[in-house]
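First to last, the sequence lines map onto chains E and B. So the first sequence is numbered by the numbering used here: it starts at 2 and just counts up by one. So the second sequence is numbered by the numbering used here: it starts at 2 and just counts up by one. Report on the following structure.
There are 2 protein chains.
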Amino acid sequence: MVIRMSYRLLYPLRTYLITSGDYGSEYNVMTADWVIPLSAKPFILGVSIAPRRYTHTLISKYGEFVVSVPSIKILDDVWIAGSLSGPAKLKVLKLTFSKAVVVKAPIINEALANLECRVIDRRDYGDHTLFVGEVVHTHSKSEAYVDNEPKIDAGFLAHIAWNRFITFSSEELKPRT
Amino acid sequence: MVIRMSYRLLYPLRTYLITSGDYGSEYNVMTADWVIPLSAKPFILGVSIAPRRYTHTLISKYGEFVVSVPSIKILDDVWIAGSLSGPAKLKVLKLTFSKAVVVKAPIINEALANLECRVIDRRDYGDHTLFVGEVVHTHSKSEAYVDNEPKIDAGFLAHIAWNRFITFSSEELKPRT
Numbered sequence: 002m003v004i005r006m007s008y009r010l011l012y013p014l015r016t017y018l019i020t021s022g023d024y025g026s027e028y029n030v031m032t033a034d035w036v037i038p039l040s041a042k043p044f045i046l047g048v049s050i051a052p053r054r055y056t057h058t059l060i061s062k063y064g065e066f067v068v069s070v071p072s073i074k075i076l077d078d079v080w081i082a083g084s085l086s087g088p089a090k091l092k093v094l095k096l097t098f099s100k101a102v103v104v105k106a107p108i109i110n111e112a113l114a115n116l117e118c119r120v121i122d123r124r125d126y127g128d129h130t131l132f133v134g135e136v137v138h139t140h141s142k143s144e145a146y147v148d149n150e151p152k153i154d155a156g157f158l159a160h161i162a163w164n165r166f167i168t169f170s171s172e173e174l175k176p177r178t
Numbered sequence: 002m003v004i005r006m007s008y009r010l011l012y013p014l015r016t017y018l019i020t021s022g023d024y025g026s027e028y029n030v031m032t033a034d035w036v037i038p039l040s041a042k043p044f045i046l047g048v049s050i051a052p053r054r055y056t057h058t059l060i061s062k063y064g065e066f067v068v069s070v071p072s073i074k075i076l077d078d079v080w081i082a083g084s085l086s087g088p089a090k091l092k093v094l095k096l097t098f099s100k101a102v103v104v105k106a107p108i109i110n111e112a113l114a115n116l117e118c119r120v121i122d123r124r125d126y127g128d129h130t131l132f133v134g135e136v137v138h139t140h141s142k143s144e145a146y147v148d149n150e151p152k153i154d155a156g157f158l159a160h161i162a163w164n165r166f167i168t169f170s171s172e173e174l175k176p177r178t
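In structure tokens form, the structure reads like this:
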């Protein structure tokens, strides 16, 4: 028996911010928990987004997006980006943006990393669309990564449900074997 | 500039166990960090697996798999399932298995949840294959979930890199707004 909201059995999941559109004219930012690496070389990732989202419209129009990695420091903005809809939220956010290197969607200055992506495939599954993007440029902060490996005290953010978030423990675990 | 292993910028990621094959004859278990919900209703998820994996062969052959949710209590087995290859690892693991309800692949008794999946699509992206599965049956433990929402003290496991793992903080975070 599959019951409602059973996708929560995969939670807590990391939460990310997705920017889309053209920073020079129309753009948006939303939160997304449904993000996955799909290939190491080349680096390809997927983001699953509901069709009712303005971000869905913008990614479909421009064929580009940015996956940003928020920290607990910008939790309030992560919540606003996920609970308000459309570009009006941009006026409420304290986040600041900059022009990306390759894509038209902006990067987020406060993010621990920004991954610029170009859409190479899209597939509709149930009530969402999976946008598959090749990562064409990456930005990361040394406070959060060493040689691209995450530092566990960087305040990475995960989502439990609704307005409940969490970060990681400060203690690493290693198998005995 | 995209540098090697830049997919680690999305880490730490939750780590899961994937079972595949037929519990009555040939089956396997492996760890996978690359798992994503793809639709809420119906509940569809994706698992990205490299073609060299025995699990890739078994999912391709049987068209079914199970996503299991490990806890820190079975970290040693999670590591073995991820670092040894092929069915020989089954002799080393302390994990125990049971017959699933719908699919031929087994469920893991020690897991916090088991999600039985039937493959509805597969796509090759770069060096991995995304197997898309509709969830046809779920199992979960009340020690880890309340109404399908995760309890933060259940010891959910995430992967940093190689043999470095982590769990979540015991303190929930809520936005002010």
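Cβ atoms here follow ideal geometry from the backbone N, Cα and C, with glycine treated the same way. Owing to the predicted nature of the structure, the values given are computational and were not obtained by experimental measurement.
Cβ-based burial, residue i [other Cβ within 10 Å; buried from 16]
| i | result |
| --- | --- |
| G25 of chain E | exposed |
| R9 of chain B | buried |
| V30 of chain B | buried |
| S86 of chain B | exposed |
| D78 of chain E | buried |
| S179 of chain E | Any question about residue 179 of chain E goes unanswered here, given that chain E covers just 2 to 178. |
| R177 of chain E | exposed |
| V133 of chain E | buried |
| L18 of chain E | buried |
| V103 of chain B | exposed |
For residue i, the first and last residue of its enclosing alpha helix (DSSP H)
| i | result |
| --- | --- |
| A82 of chain B | L76 to S84 |
| Y63 of chain B | Y55 to Y63 |
Those residues which DSSP pairs with residue i across a bridge
| i | result |
| --- | --- |
| T130 of chain E | E:I50 and E:D125 |
| L94 of chain B | DSSP lists no partner for L94 of chain B. |
| L113 of chain B | Looking at the DSSP assignment, L113 of chain B forms no beta bridge with any residue, so it has no partner. |
| T139 of chain E | E:L116 |
| S69 of chain B | B:L18 and B:N115 |
Where residue i meets chain B, residues with beta-carbon distance less than 7 Å
| i | result |
| --- | --- |
| H160 of chain E | Chain B residues near H160 of chain E: none, gap ~10 Å exceeds 7 Å. |
| G25 of chain E | None at all; the shortest Cβ gap to chain B is about 24 Å. |
| A114 of chain E | L10 |
Spatially closest choice to residue i from the options, by CA coordinates
| i | options | result |
| --- | --- | --- |
| H57 of chain E | E:A114, E:L113, E:L94 and E:G22 | E:G22 |
| F166 of chain B | B:L76, B:P52 and B:K42 | B:L76 |
| A145 of chain B | B:K74, B:F157 and B:V137 | B:F157 |
| T20 of chain E | E:M6, E:I50 and E:F44 | E:I50 |
| A82 of chain E | E:S69, E:S171, E:L94 and E:S72 | E:L94 |
| L131 of chain B | B:Y17, B:E172, B:K42 and B:I60 | B:I60 |
| A159 of chain E | B:K92, B:W163 and B:K175 | B:K175 |
| G47 of chain E | E:W35, E:Y55 and E:A114 | E:W35 |
| K42 of chain E | E:F169, E:V137, E:I153 and E:K152 | E:V137 |
| R119 of chain E | E:Y55, E:A101, E:N110 and E:A112 | E:A101 |
| A89 of chain E | E:K105, E:F66 and E:E27 | E:E27 |
| K152 of chain E | E:I161, E:A162 and E:S141 | E:S141 |
| F98 of chain E | E:S170, E:I108 and E:V104 | E:I108 |
Opening and closing residue of the beta strand (DSSP E) in which residue i lies
| i | result |
| --- | --- |
| S21 of chain B | Y17 to G22 |
| M31 of chain E | Y28 to A33 |
| F166 of chain B | R165 to I167 |
| L39 of chain B | V36 to S40 |
| I161 of chain E | A159 to A162 |
Residue i: contacting residues in chain B (beta-carbon distance under 9 Å)
| i | result |
| --- | --- |
| S49 of chain E | I37, P38, L39, S40 and G47 |
| G127 of chain E | L39, S40, A41, K42, P43, F44, I45 and E135 |
| F66 of chain E | In chain order: nothing, as chain B lies at least about 14 Å away. |
| D154 of chain E | Those do not exist, as D154 of chain E stays about 11 Å from chain B at its closest Cβ, beyond 9 Å. |
| P176 of chain E | L76, D77, D78, V79, W80, I81, S84, N164 and F166 |
Chain E contact residues for residue i, given Cβ-Cβ distances below 7 Å
| i | result |
| --- | --- |
| V70 of chain B | L10 |
| L131 of chain B | L39 |
Within chain E, partners of residue i - CB distance below 9 Å
| i | result |
| --- | --- |
| R15 of chain B | L11, Y12, P13, L14, R15 and A159 |
| I73 of chain B | L174 |
Chain-ordered chain E contacts of residue i [CB-CB under 8 Å]
| i | result |
| --- | --- |
| I109 of chain B | None at all; the shortest Cβ gap to chain E is about 14 Å. |
| R53 of chain B | Near R53 of chain B there are no residues of chain E at all, since even the closest Cβ is about 12 Å away, more than 8 Å. |
Interface residues of chain B facing residue i [CB-CB closer than 8 Å]
| i | result |
| --- | --- |
| Y146 of chain E | R9 and L10 |
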